[in-house]
Each structure stands twice: as C-alpha cells, then as structure tokens.
Amino acid sequence: MLPKNFHKLEIFSGLSPTSIDLVIPLLEACSYPGRTTIYEQNQDAKHFFILVSGEVVVKHKPYDGEAITIARVCPEDVIGWSAALGRSKYTSSAYTENPCEMVRIDVTELRKFCQKNPQLGKLIMEKFAQGIAYRLKSTYDEVLALLFHGMELLPE
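Residues in the sequence shown are numbered from 2 upward in steps of one, following our numbering.
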C-alpha cells in the first residue's frame, strides 16, 4: 500500500488525477527500519526510490579508502538513480538513518510505461531529472566540504 499523501509529492505536481492513476502501477511502497541497508555499491541497479519520510545516508567507497558520506537525503529526494540513468550497478550505497517510507520504481517497468505513454513518460522523466540534478548539486557541496575539511585557506 502506498504511503498516504504520496500523491502530494512534488513529482506529481501539475499532473491530472488521470495521469497520476496511470503512474500508480509503477510505484511500489516500501518501508525500512532505521540503520538498514537499502542497496549496496556494485549491486545490480534495478530500482530507484523516492524518499517519502525519514532520512537516508548515501556513501561511496573508493577502491583505495574508507567509505565516505556523499549525501544526506531528505523526503522528496530521489535515491538509487544509477538505475534511472541506465547504469547496471549502483555507484554508491544507501542506508536509512531512521525509519523510512519510500516509493520504489522498477526501471524496466518505467521504460515500458514511457513507450506506451510517451507524453506522460517524458513529463515524469523530466520531473525525475529535476530531482537528480538537485541531488548532484547537493553531492557536489558534500564532496567539496570533505575536500576542504581541516584545511585553512589563506586569503589571497
């Protein structure tokens, strides 16, 4: 059962009730307790998620070091978007900080939906792209903060 008020998510703004009804079969509700792995880096990327409630931490482990936090995800953000971008594996891991409710979307089913409903599919994909672009900016800021951690920069 989908979380109540899921239809109020930003991704659905501007969509008609009929369009939302067409999209609903793509959505799978899922809940995770706190301190739980949602997906691991290098795991097959088959789904992406919209966080409805809770907080998720996204970490990346470089081959030569410890895992680093690259994002803290809040409700309405998209996670697991490696799948949405057509990558075969997740490039990071995601963990719940506290209990979370999410909507999971299977990318294979989304592609089929877009072929059957090209106009609505394009609109939905544009909305996902906006969410992903926002996350990329957030990730950039997190990585930049990590790079500058402990550095004292002298004024020029």
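From the three backbone atoms N, C-alpha and C, an ideal C-beta is built for every residue, glycine too.
Note that the structure is predicted; figures quoted are calculated from it, not measured.
According to DSSP, simplified to helix, strand and coil, what is Cys75?
coil
With DSSP as the reference, label Arg105 as helix, strand or coil.
strand
Starting from Ile21, follow the alpha helix (DSSP H) in both directions and report where the run begins and ends.
Pro18 to Val24
From Gly66 to Gln116, what distance separates their C-alpha atoms?
42 Å
Among all the DSSP beta bridges, which residues are the ones paired with Tyr40?
Ala95
Three-pair Cβ contact test at 8 Å for the segment 37 to 51 versus the segment 91 to 111:
yes
For the pair the segment 2 to 18 and the segment 117 to 131, tell me if three or more CB-CB distances fall below 8 Å.
yes
So, does the segment 36 to 44 touch the segment 90 to 103, judging by three or more C-beta pairs under 8 Å?
yes
Considering just the uninterrupted stretch of the beta strand (DSSP E) at Ser83, what are its terminal residues?
Per DSSP, Ser83 belongs to no beta strand (DSSP E); it is in the alpha helix (DSSP H), Trp82 to Ala85.
Please determine, among Ala85, Gly55 and Ser89, the residue with the shortest C-alpha to C-alpha distance to Arg36.
Gly55
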